[in-house]
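A.B. asks:
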Amino acid sequence: MAVSELRVIGLSGFPEVSRGANLAALIAQSIWNANLEVKDKDIFVVAQKIVSKAEGQVLKLADVEPSAKAQRWARDHGKDARLVEVVLRESNRVLRMERGLLIVETQHGFICANAGVDTSNIASGQVTLLPKDSDRSAAQIRQDLEREFGVRLALIVSDTFGRPWREGLVNVALGVSGMTPFIDYRGQKDCFGGELHATQMAVADQLASTAELVMGKTKGVPVALIRGFDYPEGPGEGRQILRSKEKDLFR
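Numbering follows my numbering, with no gaps: position 107 of the sequence shown is 103.
1. Here's the rule I'm using: 16 or more other beta-carbon atoms within 10 Å means buried, otherwise exposed. How should ARG138 be labelled?
2. To the nearest angstrom, report how far apart ASN31 and GLY96 are at their CA atoms.
3. Which same chain residues end up closer than 7 Å to ALA58 when comparing Cβ atoms and leaving out the 5 residues on each side of it in sequence?
4. For ASP155, which of helix, strand or coil comes out of DSSP?
5. Which residue from VAL41, LEU2 and ARG3 puts its Cα closest to that of LEU253?
6. Would you identify the three-state DSSP class for GLY164, choosing helix, strand or coil?
7. Three-state secondary structure (DSSP) at PHE106?
8. Span of the alpha helix (DSSP H) holding ILE137?
9. If you draw a straight line from the C-alpha of GLY224 to the C-alpha of ARG92, how long is it?
10. Would you check if the distance between the CB atom of PRO160 and the CB atom of GLY234 is smaller than 9 Å?
11. Which residue comes first and which comes last in the alpha helix (DSSP H) that contains LEU84?
12. Between the Cα of VAL168 and those of GLU242, ASP72 and ILE237, spot the shortest distance and give me the residue it belongs to.
13. If you count every other CB in all the chains shown that lies within 10 Å of the CB of LYS45, and 16 or more means buried, which is it?
14. Please decide whether VAL4 counts as near chain D, where near means a Cβ-Cβ distance under 9 Å.
15. Kindly indicate which residue of ASP114, ILE39 and LYS49 has the alpha-carbon position closest to the one of ASP76.
16. Rounded to the nearest angstrom, what separates SER240 and ALA198 at their Cα positions?
17. Taking just the CA atoms, how far does SER8 sit from VAL219?
18. Nearest by alpha-carbon distance to MET175: which of ASN18, GLY183, ASP38 and GLN53 is it?
19. If you check the beta carbons only, do ASP147 and SER130 fall under 9 Å apart?
20. Count the other CB atoms within 10 Å of the CB of GLU242; is the residue buried (16 or more) or exposed (fewer)?
21. Just grab the DSSP bridge partners of GLN196 for me.
22. Once the 5 residues before and after SER48 are set aside, which same chain residues still bring their CB inside 8 Å of it?
23. Does the distance from the CB of ARG3 to the CB of ILE222 come in under 9 Å?
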């Protein structure tokens, strides 16, 4: 029986990323500094935070004028009204606004807390917003890296989300390029010969969570290289993972 093996390598040594930074060049430099070789069908997982910084998706809270709605909710729940205002601006609609939590549908269609607005790993008084189009960001970085290294690659832009009905956070794929985000086993036979009818694995999310094990939140490791996974190639996008409202039993 063939042995399956997956290798996950955290890439460090990145400078503080600012607007206009060439992320592919920074990733390539980290690869060279670590004396690593990039191989065909390697996967890069890139933290959303550095993508947002490079694309200028950063706001100073001092520049935010909170609305009356934001002020009321912030006062009732002990929150910064400016931060609440940013979350509301980044949202298509609010699903839950209670117990100090804001669960929203972002302008991208993600269902998450605080619309992805984040105060961590950023200078005091500033917040990062999600990239405007994480799939486009993933495609650009992947294409730049493929030109640099001359091999086929996949790239995932990842972020940390909570999960309904389960405690704890996991990383998921916001943007995907160079691979389809699913492996579809429907129509195949299981080990007992039965036909699989509903098994569609969200492998892009699984890879994002795997990468988080070496990236962490405090290690200064914003990129991971994953090797050994035979991913399905194709023009996939992270937005394919989003469940439509019509299929959602809880919206």
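C-beta: ideal position from N, C-alpha, C; glycine also.
Only a predicted model underlies this, so the values are computations on that prediction, with no experimental measurement involved.
C.D. replies: So, from the data block:
1. The residue labelled residue 138 in the question sits at position 142 within the sequence shown. Classification for ARG138: buried.
2. Locating residue 31 in the sequence shown gives position 35, where the first residue counts as 1. Locating residue 96 in the sequence shown gives position 100, where the first residue counts as 1. About 47 Å.
3. For the purposes of this step, residue 58 is identified with residue 62 of the sequence shown, where counting begins at 1. Here the set comprises GLY121.
4. Reading the sequence shown from its first residue, position 159 is the one you call residue 155. Residue state, collapsed to three classes: strand.
5. The chain is shown from -3 up to 247; residue 253 falls before or after that span and cannot be answered.
6. Here residue 164 is taken as the residue at index 168 of the sequence shown, counted from 1. It is a strand residue.
7. Indexing the sequence shown from 1 puts residue 106 at position 110. Coil at PHE106, not helix or strand.
8. On the sequence shown, position 141 is the one that residue 137 refers to. Where ILE137 is concerned, the enclosing alpha helix (DSSP H) stretches over 130 to 145.
9. Numbered from 1 along the sequence shown, position 228 holds the residue referred to as residue 224. Numbered from 1 along the sequence shown, position 96 holds the residue referred to as residue 92. Distance between the alpha carbons of GLY224 and ARG92: 40 Å.
10. Stepping through the sequence shown from its first residue, residue 160 is reached at position 164. Stepping through the sequence shown from its first residue, residue 234 is reached at position 238. Their beta carbons are not under 9 Å apart, which means PRO160 does not touch GLY234 by this criterion.
11. In the sequence shown, the residue the question calls residue 84 occupies position 88. Here the alpha helix (DSSP H) through LEU84 covers 77 to 85.
12. Taking the first residue of the sequence shown as 1, we reach residue 168 at position 172. Nearest option by C-alpha distance: ILE237.
13. The residue given as residue 45 occupies position 49 in the sequence shown. With 16 or more Cβ atoms within 10 Å of its Cβ, LYS45 is classed as buried.
14. Judged by its chain identifiers, the structure shown contains no chain D, having just a single protein chain.
15. Position 80 of the sequence shown, counting from 1, holds the residue named residue 76. Ranking the options by Cα distance to ASP76, first place goes to ASP114.
16. Within the sequence shown, the letter at position 244 stands for residue 240. Within the sequence shown, the letter at position 202 stands for residue 198. For SER240 and ALA198, the distance between alpha carbons rounds to 15 Å.
17. Working through the sequence shown from its first residue, we reach residue 219 at position 223. Working through the sequence shown from its first residue, we reach residue 8 at position 12. Their backbone Cα atoms lie some 7 Å apart in a straight line.
18. As a first step, residue 175 is located in the sequence shown; it is residue number 179 there, counting from the start. The option with the nearest alpha carbon to MET175 is ASP38.
19. For this step, residue 147 is matched to residue 151 along the sequence shown. For this step, residue 130 is matched to residue 134 along the sequence shown. Checking the sequence, you will find Val at residue 147 rather than Asp. No. Outside cutoff.
20. As a working mapping, residue 242 is identified with position 246 in the sequence shown. Flag for GLU242 reads exposed.
21. For the purposes of this step, residue 196 is identified with residue 200 of the sequence shown, where counting begins at 1. In the DSSP output, where bridge partners are listed per residue, GLN196 has ASP180.
22. The sequence position of residue 48 within the sequence shown is 52, counting from 1. Hits under 8 Å: VAL54, THR124, LEU125, LEU126 and PRO127.
23. Counted from its first residue, the sequence shown places residue 3 at position 7. Counted from its first residue, the sequence shown places residue 222 at position 226. Yes. Within cutoff.
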